[in-house]
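Since the structure comes first, as structure tokens, the remarks are kept for the end.
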Amino acid sequence: MSDKSAIEWTEATWNPVTGCDRVSTGCDNCYAMVLAKRLKAMGADKYQKDGDPRTSGPGFGVTMHPQALDVPRRWRAPRVVFVNSMSDLFHARVPVGFIRDVFDVMRETPQHTYQVLTKRSLRLKRLADKLDWPANVWMGVSVEDADHLARIDHLREVPAPVRFLSCEPLLGPLDGLDLEGIGWVIAGGESGAGHRPLDVEWVRDIRDNCNCAGVPFFFKQWGGRTPKSLGRELDGQLWDGMPALTA
721 MSDKSAIEWT EATWNPVTGC DRVSTGCDNC YAMVLAKRLK AMGADKYQKD GDPRTSGPGF
781 GVTMHPQALD VPRRWRAPRV VFVNSMSDLF HARVPVGFIR DVFDVMRETP QHTYQVLTKR
841 SLRLKRLADK LDWPANVWMG VSVEDADHLA RIDHLREVPA PVRFLSCEPL LGPLDGLDLE
901 GIGWVIAGGE SGAGHRPLDV EWVRDIRDNC NCAGVPFFFK QWGGRTPKSL GRELDGQLWD
961 GMPALTA
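In terms of our numbering, the sequence shown has 954 at position 234, counting the first letter as 1, and numbering is strictly consecutive.
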């Protein structure tokens, strides 16, 4: 967990769960998996459990951290908080009871705005009516290409006050993107060794779709060897659209 974050669309990260497994092409160059391996080598307590080498890696086994649940209660100033930047809250190995514990903390700290992001949209859909959704929780799904547009349909059935899309890393055009019921869209390119290229027209199409639908659009990065290699301007300007904060 961290009191600050370098991620442009949030202010802090909170990781009551760490570890994950690859589930789609967007996971191929997962930054969190690389970071977990490094943190394990440094002796970080939260990253000592290894995941399945076929889908995960050193230090990246799914692990619950009950001791981390109280962290947001100790933050005095309101924060925008990305939940589980190093995991997926709706991973099959995260018990429903622990997901409820996380939701309890978010409900009991209304001064913060929480951003939860998943690729496990089907499990999210199935559990949605078993969770109590507070007004300060934004729920999103990752959509890296047109093969995963169904995740948006699952998200639309979730009673979160703000539903958002993270089209990052964007790996192809999102033809047929329907923004009904969606309140925010983030897009960005991949970074790191082996990063895959981002076509400007893919990004423009998403931006134009957002503009037509009146949905805030946030362009995070072009990507490259490092996240900031190629900057974040699109057509000569920054796109930093966000919904109004609920906290």
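Every residue, glycine too, gets a C-beta built ideally from N, C-alpha and C.
If we ignore side chains and look at the alpha-carbon of each, how far apart do residue i and residue j end up?
i: Arg876; j: Phe802; result: 20 Å
i: Met721; j: Leu809; result: Residue placement at Met721 cannot be trusted, given a pLDDT of 41 that sits under 50; what the coordinates show is reported in the next sentence. Approximately 14 Å, taken between the alpha carbons.
i: Val743; j: Asp790; result: 30 Å
i: Glu953; j: Phe884; result: 21 Å
i: Leu958; j: Gly777; result: 35 Å
i: Arg758; j: Arg945; result: 18 Å
i: His832; j: Met962; result: 15 Å
i: Thr738; j: Thr775; result: 15 Å
i: Gly908; j: Val825; result: 30 Å
i: Thr829; j: Val816; result: 20 Å
i: Lys766; j: Thr783; result: 8 Å
i: Leu894; j: Leu869; result: 8 Å
i: Ala788; j: Val822; result: 10 Å
i: Gly771; j: Phe780; result: 5 Å
i: Ser841; j: Ala933; result: 23 Å
I'd like to confirm the pairing. Which residues does DSSP put opposite residue i in its beta bridges?
i: Gln957; result: Leu954
i: Thr738; result: Thr783
i: Gly944; result: Ser911
Classify residue i as buried or exposed, calling it buried when 16 or more other Cβ atoms lie within 10 Å of its own Cβ.
i: Gly860; result: buried
i: Glu910; result: buried
i: Cys930; result: buried
i: Pro773; result: exposed
i: Lys724; result: exposed
i: Glu968; result: The structure shown does not extend to residue 968, since the chain is modelled only from 721 through 967, so no value can be given for it.
i: Ser862; result: buried
i: Arg927; result: buried
i: Arg820; result: exposed
i: Ala756; result: buried
Start-end ranges of the beta strand (DSSP E) lying completely within the segment 848 to 926, minimum 3 residues: 857 to 862, 882 to 887, 904 to 907
Inter-stretch contact at 8 Å, needing at least 3 Cβ pairs: the segment 787 to 804 / the segment 722 to 735: yes
Three-pair Cβ contact test at 8 Å for the segment 904 to 923 versus the segment 871 to 890: yes
Contained alpha helix (DSSP H) runs [length at least 4] in the segment 763 to 838, N- to C-terminal order: 816 to 828
Cβ contact (3+ pairs, closer than 8 Å) linking the segment 890 to 909 and the segment 926 to 945: yes
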